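Residue numbers (UniProt numbering): 1 to 481.
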């Protein structure tokens, strides 16, 4: 059976590595990444391609079965294509290609290597104990190999082939045509002409071509609440007690600046730095706690910084900042609503509207991604349930907390910076005396605590007492006397 190894072609910064990491994470298999330029044919100076297979076992925590179903990702693969201008074999490059042939199909990779002293010591120790040589190997039959590269000169090769065929619209390929569109017509013969061995190309039956990221794509990356670029900037400014918000027009302009650099998503980092560095230099020494990044700030950072320093309490700017905060919260909730089912399955909790508000608060307060905010909420929820179980031994009455009460306790914990477990215990202790009175009067052994009890303990106890009197058909004033 031919393995469906993959060749990915695409410009820098489009997320090739990120996609493969996500796939490996989703499948639950180990993933290792190597740089093709760092390897050499076995016997020459440089890294051995088989080292990647050994790394898979390490990533799989020594689980052989898991390692033998892992993913090996090799970037910059276009750099090991033999030079088209070289006469004869390019030993270093074709040698690496040949060294990859067997692992890409099926071979056994010995885990012991001559240059690894630890594996040699382990082998000697095993022989001393058993008198037998130990041979541990990883079989690559089911290991998926994924190669990627930019293949800058491949477009010209494809153009020449299409022009020579002279078929339909392909007969007139204009120089201004987008290369990444042309690359979608890549054939095995083009890759061979590019400098790959035919046997190497034959072991890569699946070819995927990535589009260049547009400015709209880059803007969507910045809008994603899990985007590390904005999260890291929020953390940088939070270190100085400054809360930073971005208007959508500013995000669009930053994306346009990044698109001009032609480095994909990597351009977002440099564009963001150009805009915010002047503010990072000046604001920490000033008593300014709110920074709104607008389109004007992106276009004229120095001028807008001076305006902010001259009038930090400008009402219009502060009002726009609050609108930005409200929009950010609304965007986070919309993101959670769209994925509520997935998040519920992953966390094992029912993610309804009230909890979306709490998760959004955790996201903004802790400056983290959505997944981590949900994990934080789950940890707080688990803490309350553990405390609830321990209350059985600590109190003279039996209490349980419904979901609304747990949510309210977590809300108070978020607002006060306390842990929810101790908050629950303090609440239960304050309620204990009143609940004991109700128990003595009514004989009720256990009580369900709801959000009302957390918000207003006195009202909750009074309502319980009224319910008892109502059931007894007794005048409460008389009984109290």
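Glycine included, each C-beta is placed from N, C-alpha and C at the ideal position.
Computed from a predicted structure; not experimentally measured.
- CA-to-CA, the gap between residue 332 and residue 225 works out to about 7 Å.
- Look at the segment 377 to 418 and you find these whole runs of alpha helix (DSSP H), each 4 residues long or longer: 403 to 416.
- Contact between residue 258 and residue 218 holds, since their C-beta atoms are separated by about 5 Å, short of 8 Å.
- Secondary structure of residue 210 (DSSP, three-state): coil.
- In this structure residue 56 touches residue 67 by the C-beta definition: roughly 5 Å separates them, less than 8 Å.
- The beta carbons of residue 278 and residue 312 sit no closer together than 8 Å.
- Between residue 424 and residue 409 a beta carbon distance of about 5 Å is seen, short of the 8 Å cut, so the two are scored as contacting.
- Counting only unbroken stretches of 3 or more residues, the beta strand (DSSP E) elements lying wholly within the segment 426 to 465 are 446 to 449, in sequence order.
- Residue 4 and residue 163 have their C-alpha atoms some 30 Å from each other.
- By the criterion of at least three beta-carbon pairs nearer than 8 Å, the segment 303 to 318 is not in contact with the segment 262 to 269.
- Bridge pairing for residue 137: 110 [DSSP].
- When DSSP states are grouped into helix, strand and coil, residue 349 belongs to the coil group.
- For residue 73, the enclosing beta strand (DSSP E) stretches over residues 71 to 75.
- When the Cα atoms are used, residue 363 and residue 99 turn out to be separated by approximately 47 Å.
- When only Cα atoms are considered, residue 215 and residue 282 end up about 30 Å apart.
- Taking every protein chain shown into account, the CB of residue 381 has 16 or more other CB atoms within 10 angstroms, so this residue is buried.
- Of all alpha-carbon atoms in 460, 401, 419 and 468, the one lying nearest the alpha-carbon of residue 439 is that of 468.
- The Cβ atoms of residue 208 and residue 6 lie closer than 8 Å to each other.
- DSSP, reduced to helix, strand and coil, places residue 79 within a helical segment of the structure shown.
- Between the alpha carbons of residue 231 and residue 17 lies a distance of about 21 Å.
- Scanning the UniProt domain "Clp ATPase C-terminal" (213 to 307) from its first residue to its last, the whole alpha helix (DSSP H) runs of 4-plus residues come out as 215 to 223, 228 to 238, 248 to 261, 266 to 282 and 295 to 299.
- For residue 145, the enclosing beta strand (DSSP E) begins and ends at 144 to 149.
- Using a Cβ distance threshold of 8 Å, residue 358 and residue 377 count as a contacting pair.
- Going by beta carbons, residue 157 and residue 212 fall outside the 8 Å limit.
- Here residue 31 is not near residue 19, since their CB atoms are 8 Å or more apart.
- In the DSSP assignment, residue 7 falls within the beta strand (DSSP E) that extends over 6 to 9.
- Spanning the alpha carbons of residue 165 and residue 63 requires a straight line of approximately 51 Å.
- The continuous stretches of beta strand (DSSP E) do not include residue 333, which lies in the alpha helix (DSSP H) extending over residues 315 to 338.
- Looking at 290, 286, 361 and 297, the one whose alpha-carbon comes closest to that of residue 273 is 297.
- At a Cβ-Cβ threshold of 8 Å, residue 448 and residue 404 do not count as neighbours.
- The Cβ-Cβ distance between residue 471 and residue 420 does not fall below 8 Å.
- Scanning 129, 323 and 292 for the CA closest to the CA of residue 308 turns up 292.
- In the three-state reduction of the DSSP assignment, residue 55 falls in the helix class, which pools H, G and I.
- If you look at residue 202, you'll find it in the alpha helix (DSSP H) that goes 198 to 202.
- Around the beta-carbon of residue 368, 16 or more other beta-carbon atoms lie within 10 Å, marking it buried.
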